[in-house]
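The structure appears right after this line, and notes come after that.
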Amino acid sequence: MPQPRGSDRPIILWLRQDLRLADNPALAAAIATGRPVIPLFVLHEASDGRPWGAASLWWLDKSLRALGADLRERGSRLILRRGDPAMIVPALAQELGADVHWNRLYGHAAVARDSDLKAELGATSCNASLLTEPWTVKTGAGGVFQVFTPFWRAAQAVIEDAPIAPAPRHIPAPNEWPGSDDLKDWKLHPTAPDWSTGFGDWTPGEAGAQAQLKTFIKQGLDDYPRGRDRPDLDSTSRLSPHLHWGEIGPRQVRAAAHGPSADKYMAEIGWREFNHHLLYQHGDLFRRNIRRDFDGFPWRDDPPSLAAWREGRTGYPLVDAGMRQLWATGFMHNRVRMVVASFLIKHLLIDWREGEAWFWDTLLDACEANNPANWQWSAGSGADAAPFFRVFNPVLQGERYDPDGGYVRRWIPELAHLPAKQIHQPWTADVSGYPKPIVDHAMARQRALDAFKEMRAED
DNA sequence: TGAAATGTTGGGGCG
DNA sequence: ACGCCCCAACATTTC
Numbered sequence: 322m323p324q325p326r327g328s329d330r331p332i333i334l335w336l337r338q339d340l341r342l343a344d345n346p347a348l349a350a351a352i353a354t355g356r357p358v359i360p361l362f363v364l365h366e367a368s369d370g371r372p373w374g375a376a377s378l379w380w381l382d383k384s385l386r387a388l389g390a391d392l393r394e395r396g397s398r399l400i401l402r403r404g405d406p407a408m409i410v411p412a413l414a415q416e417l418g419a420d421v422h423w424n425r426l427y428g429h430a431a432v433a434r435d436s437d438l439k440a441e442l443g444a445t446s447c448n449a450s451l452l453t454e455p456w457t458v459k460t461g462a463g464g465v466f467q468v469f470t471p472f473w474r475a476a477q478a479v480i481e482d483a484p485i486a487p488a489p490r491h492i493p494a495p496n497e498w499p500g501s502d503d504l505k506d507w508k509l510h511p512t513a514p515d516w517s518t519g520f521g522d523w524t525p526g527e528a529g530a531q532a533q534l535k536t537f538i539k540q541g542l543d544d545y546p547r548g549r550d551r552p553d554l555d556s557t558s559r560l561s562p563h564l565h566w567g568e569i570g571p572r573q574v575r576a577a578a579h580g581p582s583a584d585k586y587m588a589e590i591g592w593r594e595f596n597h598h599l600l601y602q603h604g605d606l607f608r609r610n611i612r613r614d615f616d617g618f619p620w621r622d623d624p625p626s627l628a629a630w631r632e633g634r635t636g637y638p639l640v641d642a643g644m645r646q647l648w649a650t651g652f653m654h655n656r657v658r659m660v661v662a663s664f665l666i667k668h669l670l671i672d673w674r675e676g677e678a679w680f681w682d683t684l685l686d687a688c689e690a691n692n693p694a695n696w697q698w699s700a701g702s703g704a705d706a707a708p709f710f711r712v713f714n715p716v717l718q719g720e721r722y723d724p725d726g727g728y729v730r731r732w733i734p735e736l737a738h739l740p741a742k743q744i745h746q747p748w749t750a751d752v753s754g755y756p757k758p759i760v761d762h763a764m765a766r767q768r769a770l771d772a773f774k775e776m777r778a779e780d
């Protein structure tokens, strides 16, 4: 095939976790060249050496469909290919005589692959995902922050208030489009059984992300500092899956959030930044303890308890409600995530990696930075982590954050008839069809503290 | 972005 | 009236 020269040379816009048209620097840079743009998404079996979770693929299916429609409205298309992008991208670039643009990723495998490709192709890379890229925030001594608060203070000082590019009205198309897979053939939506029937609250795609942001700013943000801890209310942003696939970027969120509650919310975006910096620094966050002294922790192997946790039948209502919400909807309220994580790690003494893996498969917002970093935070093995001895009491957490029991009632119908006073300790009432606690709280707490002591003694 | 054990204080009942 | 005890309420310490 004859290759176009000079200004006819197309640009491959290689989309990964930046599935949006507004605030997309790689897209804006591609359009600014005046050359034809070929949007490309490559489905790789693995993200950073790790297969995507089933919930992530469910979301990706809808997000790519939405992106394809948004591109067609602008005279463009989305080219779909499947396989190893380290082979596919350079081959397509050569076939089309194209340059390549992308927005950066921060996991070690992706960074290594992308820098190889860059050396081979001379590609253009941009930042769509973070307010502050990992190499831009350093301690006074030039090191990497290990504590969130000083990190976030320093990060905020380097965030630039650059204007945010709107979605282009038109995207220049090539004379001839390369071949594309059909999204339907990828079969990303589950069948036989379709376990996603409870995922209907979500609208993947850039328009859905913008709508969710507006809803949150209007209905949730003012109440966020108090409401964010209340799983029975709906005051959280629910932007995490949109952020994960880059249907919206943190710069857009920051530009939209104003008022006294915005700082509190932006601190959560700050944790996302911090976690991406940790990912960039450590790479194998989901495999290895950041604090290596946890390598000797005496985890228990207990498949029945792990199964009870996954399936929401531990006998502790707040834990079970959270796990059932996750299974049914692909999402769990953040306060409850901390409680179920503490329960798996400390009450059951099961390795945090087991919990991280379950979340990775079932959470729509499963993120290679946030998910392992937050699990390590819960375990005490992470950077600026919760101290190990902070053992949540699931009953007290329920009484404090789900005071009327509305959250438990919604996800555990067997307990719906109980009054608020008893709903977090159903063993004090006459209940059928709901299990007794699989571990005694006081025993489990002491056992966890003893295990921690044992780990420390081994140093 | 804990919880439980332990310590302290102060009001009130009561001998 | 007074001291003693009880125990809530709160504070501190410990894991």
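Just so we're aligned, residue 322 is where the first sequence starts under the numbering used here, counting upward by one.
Cβ coordinates follow ideal geometry from the N, Cα and C atoms, glycine included.
My guess is that ASP725 and ALA741 are in contact by the Cβ rule of under 8 Å, so how many angstroms apart are they, rounded?
Locating residue 725 in the first sequence gives position 404, where the first residue counts as 1. Locating residue 741 in the first sequence gives position 420, where the first residue counts as 1. 5 Å between Cβ atoms; contact.
Proximity of ALA350 and HIS422 at Cβ, strictly below 8 Å
Translated into positions along the first sequence, residue 350 becomes position 29. Translated into positions along the first sequence, residue 422 becomes position 101. Contact flag set, yes.
In whole angstroms, what separates the C-alpha of ARG768 from that of HIS668?
Within the first sequence, numbered from 1, the residue matching residue 768 stands at position 447. Within the first sequence, numbered from 1, the residue matching residue 668 stands at position 347. Near 8 Å, if we compare the C-alpha coordinates of HIS668 and ARG768.
Whole-angstrom distance between LEU599 and ASP584, CA atom to CA atom
In the first sequence, residue 584 corresponds to position 263, counting from 1. In the first sequence, residue 599 corresponds to position 278, counting from 1. In a straight line, the C-alpha of ASP584 is about 22 Å away from that of LEU599.
Taking Cβ to Cβ, would you say PRO619 is nearer than 8 Å to MET776?
As a position in the first sequence, residue 619 is number 298, starting the count at 1. As a position in the first sequence, residue 776 is number 455, starting the count at 1. Yes.
8 Å contact criterion, which ALA687 and GLY676 should meet: CB distance rounded
If you number the first sequence from 1, residue 687 lands on position 366. If you number the first sequence from 1, residue 676 lands on position 355. A Cβ-Cβ separation of about 12 Å leaves ALA687 out of contact with GLY676 under the 8 Å criterion.
Just the Cα atoms here: how many angstroms apart are ASP518 and ALA375?
Against the first sequence, residue 518 aligns to sequence position 197. Against the first sequence, residue 375 aligns to sequence position 54. Note on residue identity: the sequence assigns Thr, not Asp, to residue 518. One C-alpha to the other measures close to 14 Å.
Reduced DSSP category for TRP423 - H, G, I as helix; E, B as strand; rest coil:
By one-based count along the first sequence, residue 423 stands at place 102. In the three-state reduction of the DSSP assignment, TRP423 falls in the strand class, which pools E and B.
Paired residues, beta bridge with VAL363 - DSSP:
The sequence position of residue 363 within the first sequence is 42, counting from 1. BP columns for VAL363 point to ARG402.
Whether or not the segment 449-464 and the segment 571-584 are in contact is what I'm after, with contact meaning three or more pairs of Cβ atoms, one per stretch, closer than 8 Å; do they touch?
Contact between the segment 571-584 and the segment 449-464 is present: three or more C-beta pairs spanning the two stretches fall below 8 Å.
Return the CA-CA distance between ALA513 and GLY461, expressed in angstroms with no decimal places.
The residue you call residue 513 lines up with position 192 of the first sequence. The residue you call residue 461 lines up with position 140 of the first sequence. Rounded to whole angstroms, ALA513 to GLY461 spans 56 Å at the Cα level.
Which of helix, strand or coil DSSP assigns to MET322:
As a working note, residue 322 is residue 1 in the first sequence. Since pLDDT at MET322 reaches only 48, below the 50 mark, its modelled position is unreliable, and the value read off the structure follows with that caveat. Three-state result, MET322: coil.
Among the candidates ILE409, ALA387 and LEU717, whose CA atom is the shortest distance from the CA of GLY526?
The residue you call residue 526 lines up with position 205 of the first sequence. Among ILE409, ALA387 and LEU717, the Cα nearest to that of GLY526 belongs to ALA387.
Give the C-beta separation of LEU336 and PRO357 to the nearest angstrom, bearing in mind that I take them to be a contact with Cβ-Cβ under 8 Å.
Looking up residue 336 in the first sequence gives position 15. Looking up residue 357 in the first sequence gives position 36. The Cβ separation is near 16 Å, so there is no contact.
Using the Cα positions of ARG656 and ASN695, report the straight-line distance between them to the nearest angstrom.
Translated into the one-based positions of the first sequence, residue 656 becomes position 335. Translated into the one-based positions of the first sequence, residue 695 becomes position 374. Roughly 12 Å between the two C-alpha positions.
Is the distance from the Cβ of LEU334 to the Cβ of ALA347 below 8 Å?
What you label residue 334 is simply residue 13 of the first sequence in a count that begins at 1. What you label residue 347 is simply residue 26 of the first sequence in a count that begins at 1. In this structure, the beta-carbon distance from LEU334 to ALA347 falls below 8 Å.
From ASP771 to ILE666, what distance separates their C-alpha atoms?
Position 450 of the first sequence holds residue 771. Position 345 of the first sequence holds residue 666. Rounded to the nearest angstrom, the two C-alpha atoms are 13 Å apart.
Span separating the alpha-carbon of LEU504 from that of ARG330
As a first step, residue 504 must be located in the first sequence, where it is residue number 183. As a first step, residue 330 must be located in the first sequence, where it is residue number 9. Rounded to whole angstroms, LEU504 to ARG330 spans 27 Å at the Cα level.
Relative to the C-alpha of THR729, which candidate in PRO489, LEU554, SER558 and ASP502 has its C-alpha closest?
Counting from one through the first sequence, the residue named residue 729 turns up at place 408. In the sequence as displayed, the identity of residue 729 is Val instead of Thr. VAL729 has its Cα closest to that of LEU554, out of PRO489, LEU554, SER558 and ASP502.
Skipping 5 residues on each side, what residues in its chain have a beta carbon closer than 7 Å to that of PRO411?
Taking the first residue of the first sequence as position 1, residue 411 is located at position 90. Sequence-distant Cβ neighbours of PRO411 in its own chain, meaning closer than 7 Å and more than five residues away, are LEU438, GLU441 and LEU442.
Could you tell me the boundaries of the beta strand (DSSP E) in which TRP335 lies?
Locating residue 335 in the first sequence gives position 14, where the first residue counts as 1. First-last of the beta strand (DSSP E) with TRP335: 332-336.
In the DSSP assignment, find the unbroken beta strand (DSSP E) run with SER446 in it and report its ends.
The sequence position of residue 446 within the first sequence is 125, counting from 1. Segment 445-447, the beta strand (DSSP E) holding SER446.
Please return the same chain residues whose Cβ sits closer than 7 Å to the Cβ of PRO552, not counting the five positions on each side in sequence.
One-based indexing of the first sequence puts residue 552 at position 231. Correct list, in chain order: HIS654, ARG656, VAL657, TYR722, ASP723 and TYR728.
Where does ARG386 fall in DSSP's three states?
Position 65 of the first sequence, counted from the first residue, corresponds to residue 386. In this structure, ARG386 counts as helix in the three-state DSSP scheme.
In this structure, what does DSSP give as the bridge partners for PRO747?
The count along the first sequence starts at 1 and reaches residue 747 at position 426. Bridge partners of PRO747: none, in fact.
Near PRO499, what residues of its chain come up, given a Cβ to Cβ distance below 8 Å and the 5 sequence neighbours on each side ignored?
Reading the first sequence from its first residue, position 178 is the one you call residue 499. These residues qualify, in order along the chain: ILE359, ILE400, LEU413, GLU416 and LEU417.
Assign GLU779 to one of two classes, buried (16 or more other C-beta atoms within 10 Å of its C-beta) or exposed (fewer than that).
Counting from one through the first sequence, the residue named residue 779 turns up at place 458. The residue is exposed, with fewer than 16 neighbouring Cβ atoms inside 10 Å.
Going straight from the alpha carbon of GLU589 to that of THR557, what length do you get?
For the purposes of this step, residue 589 is taken as residue 268 along the first sequence, with counting starting at 1. For the purposes of this step, residue 557 is taken as residue 236 along the first sequence, with counting starting at 1. Between GLU589 and THR557, the C-alpha separation is close to 11 Å.
May I ask you to list the residues that DSSP assigns as paired with PRO372?
Locating residue 372 in the first sequence gives position 51, counting from the first residue. ALA367.
Under DSSP, the alpha helix (DSSP H) around TYR290 begins and ends at which residues?
One cannot answer for residue 290 here, as it falls past the ends of the chain, which runs 322 to 780.
Contiguous alpha helix (DSSP H) assignments of at least 4 residues, all confined to the segment 486-512
504-507
Which of helix, strand or coil DSSP assigns to VAL432
For this step, residue 432 is matched to residue 111 along the first sequence. Helix, per DSSP.
Is the segment 694-712 in contact with the segment 637-648, if contact means three or more CB pairs nearer than 8 Å?
no
Taking DSSP as the reference, what is the three-state secondary structure of VAL468?
The residue given as residue 468 occupies position 147 in the first sequence. In the structure shown, VAL468 sits in coil (DSSP, three-state: anything other than H, G, I, E or B).
As assigned by DSSP and simplified to three states, the class of ASP761
Within the first sequence, the letter at position 440 stands for residue 761. If DSSP states are grouped into helix, strand and coil, ASP761 belongs with coil.
Which residues in the same chain have their Cβ closer than 7 Å to the Cβ of GLN531, if we skip the five residues on either side of it in sequence?
By 1-based counting over the first sequence, the position of residue 531 is 210. Closer than 7 Å at the Cβ level, and outside the excluded window around GLN531, lie ILE569.
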